[in-house]
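Below: the structure, in structure tokens.
Residue numbers (my numbering), protein chains in the order written: chain F, 361 to 689; chain V, 48 to 339.
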């Protein structure tokens, strides 16, 4: 019984990562390499969002932290000439700091107030970027951002690929460690029952803010990596699309699990690119919307839960009423 | 124009923009009150309502204020289907789930509309375009006056419906105590469908008024007004319809002042700045008695 889910997912994750690590050795397609890089960055971003959701907080404006990390890193790199390898962490620190400030407005309120405030915050930051901060950020036109690895170095694409790969793995290990630690337990306790968590001596406000700091830090890293990979930054980064993607990835993969964001991102990216080949434009988003809704209704724990669900279904076929209906309030 | 003239002008724009927010926010309040669900896709119903009105108007030339009724009826149907297929299966599984589901709905409605109507910004001209009536020192387009009148009429009709009819009373009972309503024999699931339908119809009315005022619209117009409408019902206090009206008007005026004095990019941002300030200073909303 215990074999199956956990083991399967663990080996699956390792296999996926091994494929990603070995990929440049077997293929020299720049298109696929670029796609995998963006996918790895999406995995970091989705995992960052997932970490926040793990503590019971749903953000609808995580693009704000993606963008803040990216802009801060770019501006620091341009102004000081420090290597982007260092500024991504500085940019992420700025994102984390602002994340805590935003978290502070909502930690004591109902969970869905936060969704609204974060959504609005992405719009506020975008407005700031194109108006007050325009002399620095270039306004709507954006500015060039230093590449992570200078294109003058031979094989820079491969170096960049492995650098981003290593950062992704490091982020996943960090998240895994957080989820397993006392900190993760505290997040879980708050999410499941705030009152009981409080009774057990867990301070919800403090731990929510910690989750917020970690999540916006990782989102900032993802944003900075993306921008230093592409080499250009515009305020579009703050767009609603960028806020919604990680949610879709995580829900499809499995909310609150380590493997969920990874699996969700990979599966959806493959579907997305596959649909592109059929020439659909708006239709692709419609299909993503259906996938999201069907997942929420029929597979609430995401693809990670699929093997278990299939197992239950396989054992229970022929018998009636073995699969318990989800309880209603 | 002198300063007072500009101020009056902004006040009037705000009043008119506020009308659209009030209709959206009242619909959301109704749905939230009865079902306790958070539907961020509510703005998509506004968008669909806007497109139905614009399409029928362009095809037939019927007065758009008459099409308002058709648009509302269609949206009652769409709302009922969405409630039945999407929200009922996840009722009671948590607010976050509802928010995630509404993101799926946003994807479907926005891009479905873009497939049908294209994603370009459009606008239509009201049959009364260009007719103005003088109010003090400024000339007010007659459409704005009609819009304000329609909003008031719809709100009064809704108020009477909730107070006087049996279904209205059942809706209020369900919103006060769902279990209790069930115990006295109210079919709460039917009430859910009706409330969701009416909420969507109000959004359709808002969309129609958006179109006839000559504002531009495209398939992606709905998501920001929807979140703003939520901000408004929080400003006004959850479940309070007078709160939503005052909140909507304040938001409309604040936005238009910001757009005028600070520039267009601040139009959307200012409402969320207000929301954040209110949440920090007074989390129960300006007129709310207690938090949800």
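Just so you know, even glycine gets a beta-carbon here, dropped at the ideal spot from N, CA and C.
Residues sharing a beta bridge with residue 600 of chain F, DSSP: The residue labelled residue 600 of chain F in the question sits at position 240 within the first chain. Note: residue 600 of chain F sits in no beta bridge, so no partner.
Assigned secondary structure, residue 444 of chain F (DSSP; H/G/I helix, E/B strand, else coil): Numbered from 1 along the first chain, position 84 holds the residue referred to as residue 444 of chain F. Helix, per DSSP.
So what's residue 107 of chain V in DSSP terms, helix, strand or just coil? Start at 1 with the first residue of the second chain, and residue 107 of chain V comes out as number 60. Residue 107 of chain V falls in the helix class under three-state DSSP.
Does the CB of residue 374 of chain F have a neighbour CB from chain V at under 9 Å? Reading the first chain from its first residue, position 14 is the one you call residue 374 of chain F. Closer than 9 Å: no.
Rounded straight-line distance, which links the Cα of residue 668 of chain F to that of residue 406 of chain F: Taking the first residue of the first chain as position 1, residue 406 of chain F is located at position 46. Taking the first residue of the first chain as position 1, residue 668 of chain F is located at position 308. Distance between the alpha carbons of residue 406 of chain F and residue 668 of chain F: 23 Å.
What three-state label does DSSP hand residue 179 of chain V in the structure shown? The residue labelled residue 179 of chain V in the question sits at position 132 within the second chain. If DSSP states are grouped into helix, strand and coil, residue 179 of chain V belongs with the strands.
Taking the C-alpha atoms as reference points, what is the distance between residue 376 of chain F and residue 566 of chain F? Here the question's residue 376 of chain F lines up with position 16 in the first chain. Here the question's residue 566 of chain F lines up with position 206 in the first chain. So the alpha carbons of these two residues sit roughly 35 Å apart.
Run down chain V in chain order and give the residues with a C-beta less than 7 Å from the C-beta of residue 479 of chain F. Residue 479 of chain F sits at position 119 when you count from the first residue of the first chain. Those are 274, listed as they occur along chain V.
For residue 199 of chain V, which of helix, strand or coil comes out of DSSP? As a working note, residue 199 of chain V is residue 152 in the second chain. Taken through DSSP and simplified to helix, strand or coil, residue 199 of chain V comes out as helix.
Counting only beta-carbon separations shorter than 9 Å, does residue 391 of chain F have a partner in chain V? Position 31 of the first chain, counted from the first residue, corresponds to residue 391 of chain F. No - not a single Cβ of chain V is within 9 Å of the one on residue 391 of chain F.
Please report how far the alpha carbon of residue 99 of chain V lies from the alpha carbon of residue 385 of chain F, in whole angstroms. As a first step, residue 99 of chain V must be located in the second chain, where it is residue number 52. As a first step, residue 385 of chain F must be located in the first chain, where it is residue number 25. When rounded, the distance between both Cα atoms is 55 Å.
Could you check the C-alpha separation between residue 126 of chain V and residue 132 of chain V for me, to the nearest Å? Here residue 126 of chain V is taken as the residue at index 79 of the second chain, counted from 1. Here residue 132 of chain V is taken as the residue at index 85 of the second chain, counted from 1. Taking the straight line joining both Cα atoms gives about 10 Å.
Determine which residues share a DSSP beta bridge with residue 341 of chain V and list them. Residue coverage of chain V in this structure runs from 48 to 339, which leaves residue 341 of chain V outside it and unanswerable.
Would a C-beta distance cut-off of 9 Å place residue 456 of chain F and residue 534 of chain F closer than the cut-off? The residue you call residue 456 of chain F lines up with position 96 of the first chain. The residue you call residue 534 of chain F lines up with position 174 of the first chain. A distance of 9 Å or more separates the beta carbons of residue 456 of chain F and residue 534 of chain F.
Return helix, strand or coil for residue 483 of chain F, following the three-state DSSP convention. For the purposes of this step, residue 483 of chain F is identified with residue 123 of the first chain, where counting begins at 1. DSSP places residue 483 of chain F in helix when its eight states are reduced to three.
Any contact between the segment 387 to 399 of chain F and the segment 606 to 619 of chain F? By contact I mean 3 or more CB pairs, one from each, below 8 Å. No, because fewer than three Cβ pairs between the segment 387 to 399 of chain F and the segment 606 to 619 of chain F fall closer than 8 Å, the two stretches do not touch.
From what residue to what residue does the alpha helix (DSSP H) around residue 551 of chain F run? Stepping through the first chain from its first residue, residue 551 of chain F is reached at position 191. Where residue 551 of chain F is concerned, the enclosing alpha helix (DSSP H) stretches over 542 to 552.
Same chain, Cβ closer than 6 Å to residue 186 of chain V, five either side skipped, listed in chain order: Within the second chain, residue 186 of chain V is the residue found at index 139, counting from 1. Exclusion of the five residues before and after residue 186 of chain V leaves 179 as the residues of its chain whose Cβ lies within less than 6 Å of its Cβ.
Within 10 Å of its beta-carbon, does residue 323 of chain V have 16 or more other beta-carbons around it, so buried, or fewer, so exposed? On the second chain, position 276 is the one that residue 323 of chain V refers to. Under this definition residue 323 of chain V is a buried residue.
The segment 587 to 597 of chain F / the segment 491 to 506 of chain F touching (three or more Cβ pairs under 8 Å): yes
Is it true that the CB of residue 74 of chain V sits closer than 9 Å to the CB of residue 249 of chain V? The residue you call residue 249 of chain V lines up with position 202 of the second chain. The residue you call residue 74 of chain V lines up with position 27 of the second chain. It is a contact, given that the beta carbons lie within the stated cut-off.
For a quick check, are the C-beta atoms of residue 568 of chain F and residue 417 of chain F less than 9 Å apart? Here residue 568 of chain F refers to the residue found at position 208 of the first chain. Here residue 417 of chain F refers to the residue found at position 57 of the first chain. Going by C-beta atoms, residue 568 of chain F is nearer than 9 Å to residue 417 of chain F.
Between residue 640 of chain F and residue 325 of chain V, what straight-line distance do the alpha-carbon atoms span, to the nearest angstrom? As a first step, residue 640 of chain F is located in the first chain; it is residue number 280 there, counting from the start. As a first step, residue 325 of chain V is located in the second chain; it is residue number 278 there, counting from the start. Rounded to whole angstroms, residue 640 of chain F to residue 325 of chain V spans 43 Å at the Cα level.
Residues that residue 133 of chain V contacts on chain F, provided the C-beta gap is smaller than 8 Å: As a working mapping, residue 133 of chain V is identified with position 86 in the second chain. Chain F residues near residue 133 of chain V: 653 and 657.
Does residue 60 of chain V come within less than 9 Å of chain F when only Cβ atoms are used? The sequence position of residue 60 of chain V within the second chain is 13, counting from 1. It does not: the Cβ of residue 60 of chain V has no partner Cβ on chain F nearer than 9 Å.
Suppose you measure from the CA of residue 583 of chain F to the CA of residue 372 of chain F; what does that come to, to the nearest Å? Stepping through the first chain from its first residue, residue 583 of chain F is reached at position 223. Stepping through the first chain from its first residue, residue 372 of chain F is reached at position 12. Cα to Cα, residue 583 of chain F sits roughly 27 Å from residue 372 of chain F.
Quick one, are the C-beta atoms of residue 32 of chain V and residue 87 of chain V less than 9 Å apart? Residue 32 of chain V lies beyond the stretch modelled for chain V, which goes from 48 to 339, so this question has no answer here.
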